[in-house]
Amino acid sequence: MAGVSAPTVEAVDLSVTSLRELNSRLHAAASDETLPRRWRVLNPHGAHSVAVGLDAELDVEVEGHVGYYCAGMNQHATVRVRGNCGVGVAENIMSGRVVVDGNASQSAAATGRGGLVVIHGDASARCGISMKGVDVVVRGSVGHMAAFMGQKGRLVVCGDAGDALGDSLYEARLYVRGSVAGLGADCVEKDLRDEHREELAALLAEAGMDGVDPAEFRRYGSARRLYNFDVDNAGPYE
Amino acid sequence: MCGIVGLFSKSDEVGERLGEHLGAMLGQMGDRGPDSAGVAVYRDPAPAGSSKVTLFSPDPRQDWAALHAALEDEFGDAVEPDVVASHAVFVVGTDAGTAQAWLRERHPELRVMSAGETIEIYKEMGDPRAFVPRFGLPEMQGSHGLGHTRMATESRVTTEHSHPFSTGLDLCLVHNGSLSNHNLLRRGLHREGIELQTDNDSEVAAGYLTWRMREGASLEEALEGCLRDLDGFYTFAVGTADGFAVLRDPVACKPAVMAETDQWVAMASEYRAIAVLPGAEDAEQWEPTPGRVYSWERERV
């Protein structure tokens with residue numbers, strides 16, 4: 063990127079710096095390119111809302127476990143958490159990338175509109191709920207109700223999926239390598255064709271999931287049989 | 343909202359500082375429940391043939407010494423009560439059932455918070471961060487303990503409506519969530535002779551466990567029964583004389599995280615309450631699977 067100076071890393075220790083100050087400094091960096099591009103956050107100790115609302119090509123590494131909504135509403139930035147995340151990591155992500163080295167709690171990447179969320183551990187219930195364009199790649203397993211009402215984007219699960227996968231799905235595409243405890247309403251298995259294997263291979267490569275064979279996955283999507291898919295019911299929506 | 347914490351010591355070092363750790367955990371959950379706070383601490387077993395009773399009095403001038411003398415007259419050599427803020431812990435020279443019946447008949451103005459061999463329950467309205475020093479929690483040692491910070495949603499903010507709720511001898515329950523069929527359950531429990539003291543939904547869950555265990559269920563079986571009979575949202579932590587158990591409802595709207603090292607086992611609504619424990623960053627950490635009972639027990643020596 064033109065005009066960016068030496069890649070110094072700005073360290074912020076949350077045991078001495080307030081969360082509000084950390085986030086204010088990250089937000090300031092979005093509009094001032096003379097401020098650091100690379101950041102390290104130390105001692106998060108389960109704090110909520112770490113690195114939320116970023117809107118620039120920043121690179122933020124969080125050293126430890128975080129609480130709720132880490133990297134929520136992210137745009138353009140890359141946030142990596144070297145630990146576990148509480149509820150709602152990368153909720154409503156717009157673009158950029160959020161990587162979790164550990165496990166993610168409920169509602170990871172909820173309502174995300176774009177960007178990529180990579181979880182190297184497991185994600186619990188409601189992963190990708192109401193996803194609207196985000197791509198989510200999970201190396202481990204996901205809990206119940208993953209991708210509930212998912213409208214757009216791809217969810218890739220290298221492990222197993224819990225109950226009610228893809229309930230009331232719209233156009234989000236789901237790929238699961240392991241077992242599926244149960245499909246939600248209107249979610250069905252579909253053929254894994256070459257185009258899907260290519261899509262999967264690209265997503266896995268982008269997420270850095272080496273050694274995972276796209277051919278081992280099953281594809282799931284909407285059967286489009288619910289009320290809102292029936293053209294005779296279009297009237298109430300006009 | 344509400345916050346729950348639980349800590350089970352696996353070493354003397356943690357046991358000696360149990361109250362300090364539990365207080366720090368409770369403080370972290372203050373934001374989740376600013377209305378009231380409470381703890382159950384398991385420690386100092388009553389000698390054989392006697393029992394331990396925690397009493398609450400709303401009267402700041404309560405004459406605990408007179409009650410001590412009356413208990414001594416009735417049941418023999420009782421040790422001096424341990425007066426802690428609005429509560430007092432008595433070791434009474436009889437079984438817990440007899441002691442409770444006597445207290446309820448003679449002193450209806452007092453509330454029996456807990457009874458058994460090792461349990462002590464303290465709870466009070468107000469900011470959890472003020473609760474911790476007020477009740478001298480940092481000085482308490484013990485084998486394990488539970489705590490709760492309450493954000494009231496469906497019944498009044500009083501000391502009696504605070505958690506933990508005693509569910510029987512040496513048993514207690516803390517709850518994050520809300521139950522929707524508690525009125526129906528309360529009527530059923532009343533028919534079974536389980537008397538509840540408030541209109542609080544969580545106390546119904548406590549009463550349900552008491553009833554099931556009275557009918558012969560193990561704690562695990564009683565908790566599994568909750569999955570069938572309780573309608574609503576819940577993360578429960580249940581304290582027993584020897585350990586504690588955790589259960590989340592199958593929908594799992596309410597959070598919970600657990601962690602374990604070779605020194606301790608802990609559960610909390612959020613990780614930040616566990617982060618205050620020694621060695622938390624390197625602890626094995628996981629989110630309890632919805633609908634599954636987790637329990638820890640120490641071996642009786």
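Chain order of the listed sequences is A and B.
For the record, in the first sequence the residue sitting at position 21 is 83 according to this note's numbering, with numbers rising by one throughout.
For the record, in the second sequence the residue sitting at position 115 is 457 according to this note's numbering, with numbers rising by one throughout.
All C-beta atoms, glycine included, are put in the ideal place defined by N, C-alpha and C.
Indicate whether at least one CB of chain B lies closer than 7 Å to the CB of residue i.
i: Ala-247 of chain A; result: no
i: Ser-80 of chain A; result: no
i: Ser-230 of chain A; result: no
i: Ser-192 of chain A; result: no
i: Ala-64 of chain A; result: In this prediction, Ala-64 of chain A scores a pLDDT of 48, lower than 50, which makes its location untrustworthy; the coordinate-derived value is nonetheless stated afterwards. No, no contact with chain B.
i: Pro-298 of chain A; result: no
Please list, in chain order, the chain B residues whose beta carbon lies closer than 8 Å to that of residue i.
i: Asn-146 of chain A; result: Tyr-613 and Gln-627
Taking CB distances under 7 Å as the criterion, tell me whether residue i reaches chain A.
i: Glu-639 of chain B; result: no
i: Ala-617 of chain B; result: yes
i: Ala-594 of chain B; result: yes
i: Met-343 of chain B; result: no
Taking residue i as the query, report the chain B residues whose CB atoms sit under 7 Å from its CB, ordered along the chain.
i: Gly-129 of chain A; result: Glu-612, Tyr-613 and Arg-614
i: Ala-109 of chain A; result: Arg-614
i: Gly-126 of chain A; result: Glu-623
Using only alpha-carbon positions, find the residue among the options that is nearest to residue i.
i: Arg-239 of chain A; options: A:Leu-254, A:Val-219, A:Lys-252 and A:Asp-229; result: A:Val-219
i: Asp-591 of chain B; options: B:Arg-554, B:Gly-633, B:Ile-461 and B:Glu-623; result: B:Gly-633
i: Arg-471 of chain B; options: B:Glu-629, B:Ser-393, B:Glu-557 and B:Gln-370; result: B:Gln-370
i: Glu-496 of chain B; options: B:Asp-377, B:Glu-626, B:His-449 and B:Ser-508; result: B:Asp-377
i: Leu-104 of chain A; options: A:Glu-123, A:Val-204 and A:Gly-215; result: A:Glu-123
i: Met-156 of chain A; options: A:Asn-165, A:Met-135, A:Val-162 and A:His-110; result: A:Met-135
i: Leu-488 of chain B; options: B:Glu-362, B:Gly-380 and B:Val-356; result: B:Gly-380
i: Pro-597 of chain B; options: A:Ala-152, A:Ser-169 and A:Val-242; result: A:Ser-169
i: Ala-427 of chain B; options: B:Leu-445, B:Asp-401 and B:Gly-439; result: B:Asp-401
i: Gly-129 of chain A; options: B:Ala-615, B:Gly-357, B:Gly-375 and B:Pro-630; result: B:Ala-615
i: Phe-578 of chain B; options: B:Val-421, B:Glu-358, B:Tyr-464 and B:Ser-637; result: B:Ser-637
i: Asp-184 of chain A; options: A:Lys-194, A:Arg-280, A:Thr-173 and A:Arg-201; result: A:Arg-201
i: Tyr-576 of chain B; options: B:Met-600, B:Gly-372, B:Ala-583 and B:Ser-544; result: B:Ser-544
i: Val-141 of chain A; options: A:Tyr-131, A:Val-161 and A:Tyr-282; result: A:Val-161
i: Thr-603 of chain B; options: B:Phe-350, B:Ile-346 and B:Gly-574; result: B:Phe-350
i: Arg-374 of chain B; options: B:Gly-361, B:Phe-477 and B:His-490; result: B:His-490
i: Asp-624 of chain B; options: A:His-127, A:Glu-72, A:Leu-76 and A:Ser-230; result: A:His-127
i: Gly-372 of chain B; options: B:Ala-594, B:Val-347, B:Glu-416 and B:Leu-360; result: B:Val-347
i: Leu-116 of chain A; options: A:Glu-125, A:Met-207 and A:Glu-153; result: A:Glu-153
i: Arg-164 of chain A; options: B:Val-516, B:Arg-492 and B:Gln-627; result: According to the sequence as given, residue 164 of chain A is Gly; it is not Arg. Answer by Cα proximity: B:Gln-627.
i: Arg-159 of chain A; options: A:Val-74, A:Ala-171 and A:Ala-166; result: A:Ala-171
i: Ser-111 of chain A; options: A:Ala-139, A:Asp-253, A:His-89 and A:Asn-85; result: A:Asn-85
i: Ala-443 of chain B; options: B:Ser-393, B:Asp-571 and B:Glu-562; result: B:Ser-393
Around the C-beta of residue i, are 16 or more other C-beta atoms found within 10 angstroms, so that it is buried, or is it exposed?
i: Val-299 of chain A; result: According to the sequence shown, residue 299 of chain A is Tyr rather than Val. Classification of Tyr-299 of chain A: exposed, given that the 10 Å Cβ count is below 16.
i: Arg-99 of chain A; result: buried
i: Val-580 of chain B; result: buried
i: Val-149 of chain A; result: buried
i: Ser-399 of chain B; result: buried
i: Ala-226 of chain A; result: buried
i: His-503 of chain B; result: buried
i: Pro-389 of chain B; result: exposed
i: Leu-526 of chain B; result: exposed
i: Gln-539 of chain B; result: exposed
i: Asp-292 of chain A; result: exposed
i: Asp-294 of chain A; result: exposed
i: His-524 of chain B; result: buried
i: Met-63 of chain A; result: Residue confidence for Met-63 of chain A is low, a pLDDT of 47 falling below 50, so the modelled location carries little weight; the figure read from the coordinates is stated next. Flag for Met-63 of chain A reads exposed.
i: His-216 of chain A; result: Strictly speaking, residue 216 of chain A in this sequence is Arg, with His absent from that position. Buried, because 16 or more other Cβ atoms sit within 10 Å of the Cβ of Arg-216 of chain A.
i: Thr-501 of chain B; result: buried
i: Thr-509 of chain B; result: buried
i: Asn-518 of chain B; result: buried
i: Gly-439 of chain B; result: exposed
i: Gly-283 of chain A; result: buried
Taking residue i as the query, report the chain A residues whose CB atoms sit under 9 Å from its CB, ordered along the chain.
i: Pro-506 of chain B; result: Per Cβ cutoff of 9 Å: no residues; Pro-506 of chain B is ~23 Å from chain A at best.
Run through chain A and tell me which residues come within less than 8 Å of residue i, C-beta to C-beta.
i: Pro-632 of chain B; result: Ala-187, Gly-205 and His-206
i: Pro-597 of chain B; result: Gly-148, Val-149, Ser-167 and Gln-168
Whole beta strand (DSSP E) runs in the stretch 161–240 of chain A with 3 or more residues, listed along the chain?
178–181, 194–200, 214–219 and 235–238
Enumerated in chain order, which unbroken segments of the beta strand (DSSP E) with a length of 3 residues or greater are wholly contained in the stretch 507–589 of chain B?
507–510, 513–521 and 574–582
Whole alpha helix (DSSP H) runs in the stretch 429–508 of chain B with 4 or more residues, listed along the chain?
438–448 and 470–476
Quick check on the DSSP output: what are the complete beta strand (DSSP E) runs of length 3 or more inside the stretch 98–124 of chain A, in order along the chain?
100–104
Taking the runs of the beta strand (DSSP E) that are 3 residues or longer, which of them lie wholly in the stretch 237–265 of chain A?
249–252
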